[in-house]
């Protein structure tokens, strides 16, 4: 069945799906437990896959966004080496310039 939804709509739904998965991973660290929750999220998206009426689809998306907003983790996981992580710019590479300028030093 061909749908008339735009590629922007598909990207938005994919983004919503990924944000929901990442939020669940923020709450549950163990992957075996998270996998079950991820499968439930996928089942929910699959249930609404064949909805073609724009108003009904807008309501479904609005409810999903509200549910995601209500379940957002207060302190989401940030990988250590990413901006905001615990190791971000911890060991900045040294400058190329010499540490001691031998030509400017006066020898006594």
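Numbering (my numbering), first residue to last: 9 to 116.
Even glycine gets a Cβ: it sits at the ideal position worked out from N, Cα and C.
On a predicted model such as this, the values are computed, not experimentally measured, just so you know.
Around the beta carbon of residue 28, 16 or more other beta carbons sit within 10 angstroms, so the residue counts as buried. Taking residue 72 as the centre and dropping the five residues before and after it, the same chain places the C-beta of 24 closer than 7 Å to its C-beta, in chain order. Pairing residue 32 with residue 46 gives a Cβ-Cβ distance under 8 Å.
In the three-state scheme derived from DSSP, where H, G and I count as helix and E and B as strand, residue 62 is classed as helix. Taking the C-beta atoms as reference points, residue 93 is found nearer than 8 Å to residue 87. One alpha carbon belongs to residue 15, the other to residue 68, and they sit about 18 Å apart. For residue 96, there is no enclosing alpha helix (DSSP H), as DSSP marks it with neither H nor E. Only residues of its own chain outside the window of five on either side were considered, and among them 95 and 96 have a CB closer than 8 Å to the CB of residue 89, listed in chain order. Excluding the 5 residues flanking it on each side, residue 79 has same chain C-beta neighbours closer than 7 Å at 31, in chain order.
Assigned with DSSP and collapsed to three states, residue 34 falls in helix.
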